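Worksheet for the structure shown next.
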Amino acid sequence: MIRFDNVTKRLGGRNVLDGLSFEVRKGEVFVIVGPSGTGKSVTLKHMVQLLRPTAGAVWLGDECVSAADGAALEKLRERFGYLFQSGALLGWMTVAENVALPLQEKTDLPPDEIEKRVAEALEMVGLADAAGQLPSEISGGMQKRASLARAIVRRPEIVLYDEPTTGLDPVTSRTIDRLIAHLNRDLGVTSVVVTHDMYSALSIGHRVAMLHGGRFCELAAPRDFAASACPEVQEFLEAQYITGRSFWQEGGGR
Amino acid sequence: MITREPVLFPENATRGQMFALGVRWGVAELGRAVTIGGQALARAGDLRRAAARRELFRQMYVAGIGSLPVITVVAVFTGMILALQTGIELRRFNQEVYIGSAVMVSMLREMGPFNTGLILAACVGSAMAAQLGTMTVNDEIAALETMSIDPVRFLMTPRIVAMAILTPALSFYTCMMGVLGGAVVGVTQLNVPWTQYLQAALDFARAKDLYVGMFKALLFGLLITTISCYEGFTATQGAVGVGQATRRSVITSFLTILIVGYFVTRLFYYE
Chain L
552 MIRFDNVTKR LGGRNVLDGL SFEVRKGEVF VIVGPSGTGK SVTLKHMVQL LRPTAGAVWL
612 GDECVSAADG AALEKLRERF GYLFQSGALL GWMTVAENVA LPLQEKTDLP PDEIEKRVAE
672 ALEMVGLADA AGQLPSEISG GMQKRASLAR AIVRRPEIVL YDEPTTGLDP VTSRTIDRLI
732 AHLNRDLGVT SVVVTHDMYS ALSIGHRVAM LHGGRFCELA APRDFAASAC PEVQEFLEAQ
792 YITGRSFWQE GGGR
Chain S
30 MITREPVLFP ENATRGQMFA LGVRWGVAEL GRAVTIGGQA LARAGDLRRA AARRELFRQM
90 YVAGIGSLPV ITVVAVFTGM ILALQTGIEL RRFNQEVYIG SAVMVSMLRE MGPFNTGLIL
150 AACVGSAMAA QLGTMTVNDE IAALETMSID PVRFLMTPRI VAMAILTPAL SFYTCMMGVL
210 GGAVVGVTQL NVPWTQYLQA ALDFARAKDL YVGMFKALLF GLLITTISCY EGFTATQGAV
270 GVGQATRRSV ITSFLTILIV GYFVTRLFYY E
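Residue numbers (the working numbering), protein chains in the order written: chain L, 552 to 805; chain S, 30 to 300.
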């Protein structure tokens, strides 16, 4: 569905992505993990052309995202929802107004239908009570959930999650994980998740990829990923006290 | 893509190459700023939508009402200073009754639009650059782009139209407050009767002075918004970058007001 074709991205005098090639399949949860600064968010931004590759191309089906412009790019982006790491809510609008924004701006839905869809989305992320509050009046975790509601309110085919659980408490993190899994399982949303959180990655991912040196050093199903011989993967898992066998024995993962 | 990727010069470039690249980059950025300003005006039709109109009124309130106190103080004191300085000179020739005309003409032609432009650049333009810059570094602009919402139409069009309406209106207000300030000095310090002051002011005021002054103010409003929004949209590197963008927007606006002001005066008054 989304295909990276030999993508190189040069930033700050170095190749952040270096000939990266992979494909995200329709209906899967594809998780990208890796240490900070390895280009996970950069990879995600290429999928909606917030960045353009220095070399190579990004494809969505038969359409080249990295070459799209104007109305074609607008149409491609409408197929995506994007959860930003910071939430990226507009500060002068209430939570409900933020969630309603893509519907008000990009659809002809009547106001009562917009209100209904916003209420549904907020209910889904457990923020029905915070609809009238400003982003500055709610916690970071609530902001992230509000941002998720905004990302899914237009019912996109693909949702991109940039570190959805970073900075959240474990309970809220698992709530977000369940929400991602629910959207994928019940609504068929293709998801690409960038995270440091290996528990989250192994729990919700159909496939997990480790970005190292501008390329994937491992790309496998969660169980195979956890058993990988790649030293970077093992170091990353051990740093979070996860060993493949113990993780599944404790009831985690797919 | 409205936000800008970091601009990198080749690591092993010579000084000459760096200079040439810098000039080329500067010209490209200028072109980009002009394009953004043009796009914002071209999308003014969007203000037919109720939500966009609400945002326009909000911007007019923020820019207009917010800067009114400082504009009033600056205008009144500018008029007072003009009246005092010209009055002192004219008194040597017993012509102080004409200070009204000096104040009126100076305010209409130059000081009204000039003061308004500088105050709006400092108060409103800097706030625009800081707000849009913060939105840029917080990924809010990127979020709008991923929702296929054009940031120029959504954020800049209401601001530029608000400034296009407000700047001439505030410039006219500045002129009137300046004339009033001049009258206070004329009547209390130079013993010019109020009616004579007003008569002299009205006798020397020409419609052309008013129109050119308003045109200048309109131009300043458009330029301040374009510069400030452009700097905000292209801010990078967190809080430091927002600070730099804000500073650049004020400095560039000040210089542009001075330079453009000179050429407009030259165009309309130099024969």
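No residue lacks a Cβ here, since even glycine has one placed at the ideal position from N, Cα and C.
Predicted model, so just to flag it, every value in this text is computed and none were measured.
Might you give, ordered along the chain, the residues of its own chain that have their beta carbon closer than 7 Å to the beta carbon of Thr559/L, omitting 5 neighbours on each side?
-> Within the same chain, Thr559/L has close Cβ partners Asn566, Leu568, Asp569, Gly570, Pro604, Thr605, Ala606 and Gly607.
Proximal residues to Thr275/S (C-beta, below 7 Å), its chain only, five neighbours per side dropped = The residues Ser155, Ala158, Ala159 and Gly162, in chain order, have a CB closer than 7 Å to that of Thr275/S in the same chain once the five nearest residues on each side in sequence are set aside.
Going along chain L in order, which residues have a C-beta closer than 9 Å to the C-beta of Asp232/S?
-> Ordered by position in chain L, no residue passes the 9 Å Cβ test against Asp232/S, which lies about 49 Å from the chain.
At a Cβ cut of 9 Å, what residues of the stretch 600-625 of chain L count as close to chain S, listed as they run along the chain?
-> Correct list: Gln600, Leu601, Leu602, Arg603, Leu624 and Glu625.
Cβ-heavy atom distance between Ser278/S and the ligand ADP below 7 Å?
-> Among the ligands in the structure shown, none appear at all, so the ligand ADP cannot be discussed.
Pull up the distance between the alpha-carbon of Tyr633/L and that of Leu673/L, whole angstroms please.
-> Distance between the alpha carbons of Tyr633/L and Leu673/L is about 16 Å.
Neighbour-count burial assignment, Ile280/S, 16 or more Cβ in a 10 Å radius = Its Cβ having fewer than 16 others within 10 Å, Ile280/S is exposed.
Just the Cα atoms here: how many angstroms apart are Met109/S and Val213/S?
-> Approximately 7 Å, taken between the alpha carbons.
So, do the stretch 730-745 of chain L and the stretch 652-660 of chain L have three or more beta carbon pairs nearer to each other than 8 Å?
-> Fewer than three beta-carbon pairs drawn from the stretch 730-745 of chain L and the stretch 652-660 of chain L are found closer than 8 Å, and the two stretches are therefore not classed as touching.
Tell me, please, whether the CB atom of Met47/S is closer than 8 Å to any CB atom in chain L?
-> Judged by the 8 Å Cβ criterion, Met47/S is not in contact with chain L.
Taking Cβ to Cβ, would you say Val740/L is nearer than 8 Å to Ala697/L?
-> Taking 8 Å as the Cβ cut-off, Val740/L and Ala697/L do not qualify as a contacting pair.
Taking only beta-carbon atoms, is Phe631/L less than 8 Å away from chain S?
-> Residue-level contact check: Phe631/L touches chain S, since one or more beta carbons of chain S fall below 8 Å from its beta carbon.
Only counting runs of 3 or more residues, tell me where the beta strand (DSSP E) segments fall wholly within the stretch 600-666 of chain L, in order along the chain.
-> Listed in chain order, the beta strand (DSSP E) elements of length 3 or more contained wholly in the stretch 600-666 of chain L are 606-611 and 631-634.
Give me the Cβ distance between Val744/L and Thr175/S, rounded to the nearest whole Å; I'm assuming they're in contact under 8 Å.
-> Between Thr175/S and Val744/L the Cβ distance is about 16 Å, and since that is not below 8 Å, they are no contact.
Spatial distance of Cys781/L from Phe767/L (CA atoms) | Taken atom to atom, the span from the alpha-carbon of Cys781/L to that of Phe767/L is near 11 Å.
Please go through the same chain and pick out, in chain order, the residues whose beta-carbon is closer than 6 Å to the beta-carbon of Ala112/S, but skip the five residues on each side of it.
-> Within the same chain, Ile128, Val132, Gly211, Val214 and Gly215 come within 6 Å of Ala112/S by CB-CB distance, once the 5 residues on both sides are set aside.
Closer than 9 Å at the beta carbon, the chain S residues around Glu666/L | In chain order: nothing, as chain S lies at least about 14 Å away.
Could you check the C-alpha separation between Ala150/S and Ser278/S for me, to the nearest Å?
-> For Ala150/S and Ser278/S, the distance between alpha carbons rounds to 8 Å.
What does a CB cutoff of less than 8 Å around Arg82/S pick up in its chain, not counting 5 residues either side in sequence?
-> The residues Leu76, in chain order, have a CB closer than 8 Å to that of Arg82/S in the same chain once the five nearest residues on each side in sequence are set aside.
Residues of the stretch 769-789 of chain L with Cβ closer than 7 Å to any Cβ of chain S, in chain order = Correct list: empty, as no residue qualifies.
Among the residues of its own chain, which have a CB less than 7 Å from the CB of Gln68/S, if the five just before and after it don't count?
-> Closer than 7 Å at the Cβ level, and outside the excluded window around Gln68/S, lie Val181.
Since Ser724/L meets chain S, which of its residues come closer than 7 Å, beta carbon to beta carbon?
-> The contacting residues do not exist; Ser724/L stays about 21 Å from chain S at best.
Meets three-Cβ-pair contact criterion under 8 Å: the stretch 164-173 of chain S and the stretch 135-152 of chain S | Touching, no.
When the Cα atoms are used, what is the spatial distance from Asn557/L to Glu769/L?
-> Roughly 16 Å between the two C-alpha positions.
In three-state terms, what does DSSP make of Cys204/S?
-> Look at Cys204/S here: in three-state DSSP terms it is helix.
The beta strand (DSSP E) enclosing Val744/L, as first and last residue numbers | Looking at the DSSP string, the run of the beta strand (DSSP E) that includes Val744/L is Thr741 to Thr746.
Phe106/S versus Glu118/S - alpha carbon distance = Straight-line Cα distance between these residues: approximately 18 Å.
With distances taken from CA atoms, which of Val722/L, Gly642/L and Gly718/L is nearest Gly683/L?
-> It is Gly642/L whose Cα lies nearest to the Cα of Gly683/L.
Contact check, Gly585/L vs Met761/L, beta carbons under 8 Å | Yes, these two residues count as a Cβ contact at 8 Å.
Going by Cα to Cα distance, which pick from Gly677/L, Glu648/L and Arg701/L is closest to Phe631/L?
-> In this structure, Arg701/L is the residue among Gly677/L, Glu648/L and Arg701/L with its C-alpha nearest to the C-alpha of Phe631/L.
What number of angstroms, rounded off, separates the C-alpha of Ala230/S from the C-alpha of Val63/S?
-> Straight-line Cα distance between these residues: approximately 39 Å.
Take the Cβ of Tyr792/L as the centre, count every other Cβ of all protein chains shown within 10 Å, and call the residue buried at 16 or more, exposed below.
-> Label assigned to Tyr792/L: exposed.
Which residues DSSP lists as bridging Thr559/L, in chain order | According to DSSP, residue pairing for Thr559/L in a beta bridge involves Ala606/L.
Measure the alpha-carbon distance for Thr265/S versus Thr165/S and round it to whole angstroms.
-> Here the alpha carbons of Thr165/S and Thr265/S stand approximately 8 Å from one another.
Can you give me the Cβ contacts of Ile703/L inside the same chain, cut-off strictly under 7 Å, excluding the 5 residues immediately before and after it?
-> Once the five neighbours on either side are set aside, the close Cβ partners of Ile703/L are Gly632, Ala672, Val710 and Leu734.
If you check the beta carbons only, do Met192/S and Ala80/S fall under 8 Å apart?
-> No. Outside cutoff.
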